[in-house]
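Chemist:
In the working numbering, the protein residues as written are 1257 to 1560.
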């Protein structure tokens, strides 16, 4: 492995708040000397004899591949040029990041667009649509439930906010409102209630989603993709002013049983009506989820 932090991304101060100032500060730290960064990564690619560079969303990876004389591919549902440009309408300091991302993205030889997409067509002149790209379960549902301490017939709800910090709700109150359910979350929650289960951080995500009966979280791509693949009823909190969340919320409400929530809904108890309305609907059809195989075939063909 060769771990490097090369992508600015976006900084969140908590699970629902984008911090533009902190994002710009991180960008300055990570790109204080972009040429030196690119030169180091080019040297590494040559040292290990790389033949191809594949990126998820990091635009600089494509510039690194170009400088190394290597073909490159991208597999993503969104891109940073589009997102920074949208955010720059209110935060003009992000405009240079959008321009730089756009220039580097043009180095990609192949672009694979994943479902639940937004903005790709505004950045790339050519791309190929592929099915969902998610992980594969590593064990059967019964084994997953045993590993989490769940009864085999338990109805399971997950509270998922991608590891971001923030005030967690009163999980005991949620369990009291759902007496027949077990609640899973990554958060530490001191409680005597045996129906609360803290998820180990290293637990396989796809294994976890394979046993869920409902989900509450934010509409990040990985969460939405797994929920879509397994057709898990999904209640979501959107991040204010975050364009990808708006697009993912629209996709989720069209392709699966999903509905928005607000913090006020949790406080006044109205979330429960929404929860029961969403889980009572018949599930929609599961989508194709063999995008990994298609992506592997396409990228392998680039080497021939």
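Glycine residues also receive a C-beta, built at the ideal position from the N, C-alpha and C atoms.
The structure displayed is predicted, hence computed values, not measured ones.
Residues in its own chain within less than 6 Å of residue 1480 by CB, not counting five upstream and five downstream?
Modeler: Cβ neighbours of residue 1480 beyond the five flanking positions: 1372, 1504, 1508.
Chemist: Report yes or no: do the segment 1278-1286 and the segment 1519-1533 share at least 3 C-beta pairs separated by less than 8 Å?
Modeler: Cβ pair count under 8 Å is below three, so no.
Chemist: Using CA atoms only, rank isn't needed, just tell me which of 1288, 1533, 1430, 1270 is closest to residue 1413.
Modeler: It is 1430.
Chemist: Using the Cβ count rule (16 or more neighbours within 10 Å means buried), how would you classify residue 1329?
Modeler: It is buried - the Cβ of residue 1329 has at least 16 other Cβ atoms within 10 Å.
Chemist: So, at 8 Å on beta carbons, what are the nonlocal neighbours of residue 1386 in its own chain, with the 5 sequence-adjacent residues on each side left out?
Modeler: The answer, listed in chain order, is 1331, 1368, 1369, 1370, 1547, 1550, 1551, 1554.
Chemist: Using DSSP with H/G/I as helix, E/B as strand and the rest coil, what is residue 1497?
Modeler: Correct three-state label for residue 1497: coil.
Chemist: Measuring alpha carbon to alpha carbon, tell me which of 1344, 1360, 1453 ends up nearest residue 1411.
Modeler: The candidate whose alpha carbon is nearest that of residue 1411 is 1453.
Chemist: Please check the pair residue 1267 and residue 1275, which I expect to be a contact at CB under 8 Å, by giving their CB distance rounded to whole angstroms.
Modeler: Rounded, the Cβ-Cβ distance is 5 Å, consistent with contact.
Chemist: Between residue 1446 and the ligand SAH, is there a pair consisting of the residue's CB and a ligand heavy atom that are separated by less than 7 Å?
Modeler: As presented, the structure is devoid of all ligands, the ligand SAH included, so that no description of it is given.
Chemist: Taking Cβ positions, are residue 1484 and residue 1520 nearer each other than 8 Å?
Modeler: No, Cβ-Cβ distance for residue 1484 and residue 1520 is not below 8 Å.
Chemist: To the nearest angstrom, report how far apart residue 1382 and residue 1556 are at their CA atoms.
Modeler: Their backbone Cα atoms lie some 19 Å apart in a straight line.
Chemist: At what residues does the beta strand (DSSP E) containing residue 1286 begin and finish?
Modeler: Looking at the DSSP string, residue 1286 is not in any beta strand (DSSP E); the run it does join, the alpha helix (DSSP H), is 1276-1286.
Chemist: With DSSP run on the structure shown, which of helix, strand or coil describes residue 1413?
Modeler: Reduced to three states, the DSSP call for residue 1413 is strand.
Chemist: Are the beta-carbon atoms of residue 1466 and residue 1534 separated by less than 8 Å?
Modeler: No, Cβ-Cβ distance for residue 1466 and residue 1534 is not below 8 Å.
Chemist: For residue 1491, which three-state DSSP category applies?
Modeler: The answer is strand: DSSP assigns residue 1491 an E or B state.
Chemist: Could you spell out where the alpha helix (DSSP H) holding residue 1390 opens and where it closes?
Modeler: Note, residue 1390: premise wrong, no alpha helix (DSSP H); not H, not E.
Chemist: Buried or exposed for residue 1333, please, with buried defined as at least 16 other CB atoms from any protein chain shown within 10 angstroms of its CB.
Modeler: Residue 1333 is buried by the Cβ-count criterion.
Chemist: Have a look at 1311, 1375, 1406, 1284 and flag the residue whose alpha-carbon is nearest the alpha-carbon of residue 1349.
Modeler: If we check each option's Cα against that of residue 1349, 1284 comes out closest.
Chemist: Among the residues of its own chain, which have a CB less than 8 Å from the CB of residue 1298, if the five just before and after it don't count?
Modeler: Correct list, in chain order: 1320, 1323, 1324.
Chemist: Under DSSP, the beta strand (DSSP E) around residue 1515 begins and ends at which residues?
Modeler: Unbroken beta strand (DSSP E) run through residue 1515: 1514-1516.
Chemist: Could you tell me the distance, in whole angstroms, from the CA atom of residue 1498 to the CA atom of residue 1506?
Modeler: If you take the alpha carbons of residue 1498 and residue 1506, they lie about 13 Å apart.
Chemist: Pull the bridge partners of residue 1454 from the DSSP assignment, please.
Modeler: DSSP output for residue 1454 lists 1441 as bridge partner(s).
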